[in-house]
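Report on one structure; see the data block that follows.
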Amino acid sequence: MAHISTMEQLRQLIPDPGPRAGAKLRHHLCDQGIAFIQRCPFLVLGTIGAWGLELSPKGDHPGFVEVVDDKTLLIPERKGNQLALGLGNILAEPRVGLMMIRPATDEVLRISGRATLIDDADICTRLSARGQPAMLAIKVEIDRAAFHCVRSARRAGLWQPETWDAPGKISFGKIYADALNMPDIRASFDKMAEAHDAEL
37 MAHISTMEQL RQLIPDPGPR AGAKLRHHLC DQGIAFIQRC PFLVLGTIGA
87 WGLELSPKGD HPGFVEVVDD KTLLIPERKG NQLALGLGNI LAEPRVGLMM
137 IRPATDEVLR ISGRATLIDD ADICTRLSAR GQPAMLAIKV EIDRAAFHCV
187 RSARRAGLWQ PETWDAPGKI SFGKIYADAL NMPDIRASFD KMAEAHDAEL
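Residues in the sequence shown are numbered consecutively from 37, following my numbering.
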């Protein structure tokens with residue numbers, strides 16, 4: 037197996053696309069990017085820091101991410117598992133990446149920038165959902181934004197129900213029972229998790 041360790045080796049396999057390919061990379065959001073975020077219900081936040089590389093899903097009603105301006109976003113933090121892996125990473129290293137996804141839309145909006153954690157009552161109230169203010173806000177100052185083309189989503193059949201496998205269900209009870217060596221907690225933990233999910 038040959039390892040690729042230089043850009044020269046990489047470019048032998050993937051030729052330089054030329055200057056036009058990079059024209060879609062911008063240092064701010066374009067009008068289409070703003071409209072996309074205003075209708076987007078789901079994103080993945082990438083961080084790196086004390087917890088290593090972490091990918092954190094964030095989702096809520098379409099438009100739950102506030103576009104302050106073409107260089108600034110506010111992402112609400114809701115109640116979760118309280119591990120705060122991504123948030124802890126931001127405190128150590130502010131560089132972040134976002135992948136924003138809209139159902140039935142093959143394009144993906146990719147954003148990279150610098151994040152800070154905001155504890156502001158007015159902002160958290162503005163980012164409320166289901167009658168509850170955000171616990172805090174993740175402010176992202178954009179360094180680069182670009183739409184990713186449709187190829188990946190279409191190859192995966194991401195929005196084509198006829199290509200989907202049967203739905204699956206993950207047992208968090210089994211995960212915790214195995215990790216804690218406490219097999220008796222599996223059923224009760226799964227029941228508790230299902231009740232919590234039903235509240236959403």
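Idealized CB from N, CA, C, for every residue including glycine.
First through last residue of the beta strand (DSSP E) which encompasses Glu113: What you label residue 113 is simply residue 77 of the sequence shown in a count that begins at 1. Run containing Glu113: Thr108 to Glu113, per the beta strand (DSSP E) assignment.
Closest Cα partner of Pro139 within the set Gln118, Cys66 and His97: By 1-based counting over the sequence shown, the position of residue 139 is 103. Residue His97 is the option with its Cα nearest to Pro139.
Unbroken alpha helix (DSSP H) run spanning Ala157, endpoints: Numbered from its first residue, the sequence shown carries residue 157 at position 121. Taken as a continuous stretch (DSSP letters only), the alpha helix (DSSP H) holding Ala157 covers Ala157 to Arg162.
Which listed residue (Leu163, Thr152, Tyr212 and Cys76) has its alpha carbon closest to that of Met135: The residue you call residue 135 lines up with position 99 of the sequence shown. The shortest Cα separation from Met135 among Leu163, Thr152, Tyr212 and Cys76 belongs to Cys76.
Distance between Arg114 and Ile206 (C-alpha atoms, nearest Å): Within the sequence shown, residue 206 is the residue found at index 170, counting from 1. Within the sequence shown, residue 114 is the residue found at index 78, counting from 1. Distance between the alpha carbons of Ile206 and Arg114 is about 22 Å.
Phe78 and Ile126 closer than 8 Å at C-beta: To locate residue 78, count along the sequence shown from 1; it is residue 42. To locate residue 126, count along the sequence shown from 1; it is residue 90. Against a cut-off of 8 Å, the Cβ pair of Ile126 and Phe78 comes out as no contact.
Spatial neighbours of Lys60 in its chain, beta-carbon cut-off 6 Å, leaving aside the 5 residues before and after: Taking the sequence shown and counting its residues from 1, the one referred to as residue 60 is at position 24. Here the set comprises Ala182.
Touch test, the segment 176 to 192 against the segment 203 to 218, Cβ-Cβ under 8 Å, three pairs minimum: no
Option nearest Cys66 by Cα separation, candidates Lys227, Val103 and Lys94: As a working note, residue 66 is residue 30 in the sequence shown. Nearest of Lys227, Val103 and Lys94 to Cys66, Cα basis: Val103.
Sequence-distant residues of the same chain with beta carbon closer than 8 Å to Val144, five excluded per side: For this step, residue 144 is matched to residue 108 along the sequence shown. The answer, listed in chain order, is Met135, Met136, Ile137, Phe183, His184, Ser188 and Ala189.
Burial state of Val186, where buried means 16 or more other Cβ atoms lie within 10 Å: Position 150 of the sequence shown, counted from the start, is the residue given in the question as residue 186. Per the 10 Å Cβ criterion, exposed.
Where the alpha helix (DSSP H) containing Gly54 begins and where it ends: Translated into positions along the sequence shown, residue 54 becomes position 18. No alpha helix (DSSP H) contains Gly54, which DSSP labels as neither H nor E.
Buried versus exposed, by CB contacts within 10 Å (16 or more), Thr152: The count along the sequence shown starts at 1 and reaches residue 152 at position 116. By the 10 Å Cβ count, Thr152 comes out exposed.
Bridge-paired residues (DSSP) for Ala165: Against the sequence shown, residue 165 aligns to sequence position 129. Answer by DSSP bridge pairing, in chain order: Gln168.
Beta-carbon gap between Gly124 and Ala170 smaller than 8 Å: As a working mapping, residue 124 is identified with position 88 in the sequence shown. As a working mapping, residue 170 is identified with position 134 in the sequence shown. No, these two residues do not count as a Cβ contact at 8 Å.
Three-way DSSP call (helix, strand, coil) for Gly124 in this model: What you label residue 124 is simply residue 88 of the sequence shown in a count that begins at 1. The answer is helix: DSSP assigns Gly124 an H, G or I state.
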